[in-house]
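In our numbering, the protein residues as written are 1 to 170.
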């Protein structure tokens, strides 16, 4: 079984994905990290060097390669399901789970994170909330096509993992 975690940046896909994989005895793959490893660069440098269209092409190829994997939890990038037919492909090739957070929670996590997201962090602080709002509104129609949604706002990582495992067992 392949489980694809989708959601906006800072929704906890990687953290939850690792813990969920451990709980299920599955492998774990972070799609963004796999791209960084394969191309020996960071995502910000990849974007700067090759641009977003090339990144999305590589991302789709890496996503499609997961169809050769067995029991695995895959953490997608925040934009992965929103390009091409990726969301339809994810739903056809595994179980999709949307980790849903409110805009306020996303913003708080972003402000306290040590991980730089160049698209957002390049903006002046007073424009970051609007960017998150606008981009999240664009992506919501795609995210909500997931087979399961976990409202993870007030949950610990372990509570999110427990909610997912319960949903998978139903």
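In this text, a Cβ means the ideal position worked out from N, Cα and C, and glycines have one as well.
Distance between residue 129 and residue 103, taken at the CA atoms: about 8 Å. For residue 148, DSSP records a beta bridge to 97.
Its chain contains 93 as the residues whose beta carbon lies nearer than 6 Å to that of residue 67, once the 5 sequence neighbours on both sides are disregarded; these appear in chain order. In terms of Cα proximity to residue 28, the closest of 52, 1 and 46 is 1.
Looking at 9, 51 and 16, the one whose alpha-carbon comes closest to that of residue 158 is 16.
By the Cβ rule, the region 60-75 counts as touching the region 25-42, because three or more pairs are nearer than 8 Å.
Put simply, the backbone Cα of residue 165 is about 8 Å away from that of residue 20. With fewer than 16 other Cβ atoms from the protein chains shown falling within 10 Å of its own Cβ, residue 37 counts as exposed. Taken through DSSP and simplified to helix, strand or coil, residue 75 comes out as strand.
By the C-beta density criterion, residue 122 is exposed, having fewer than 16 other C-beta atoms within 10 angstroms.
For residue 47, the uninterrupted alpha helix (DSSP H) run begins and ends at 43-50, by DSSP. Here residue 13 is buried: its Cβ has 16 or more other Cβ atoms, across all protein chains shown, within 10 Å. Cβ atoms of residue 152 and residue 99 come within 8 Å of each other, at about 5 Å. In the structure shown, residue 30 adopts extended strand secondary structure according to DSSP, grouped into three states.
Put simply, the region 131-146 does not touch the region 34-48. Fewer than three CB pairs are less than 8 Å apart. DSSP places residue 4 in the uninterrupted beta strand (DSSP E) bounded by 2-6.
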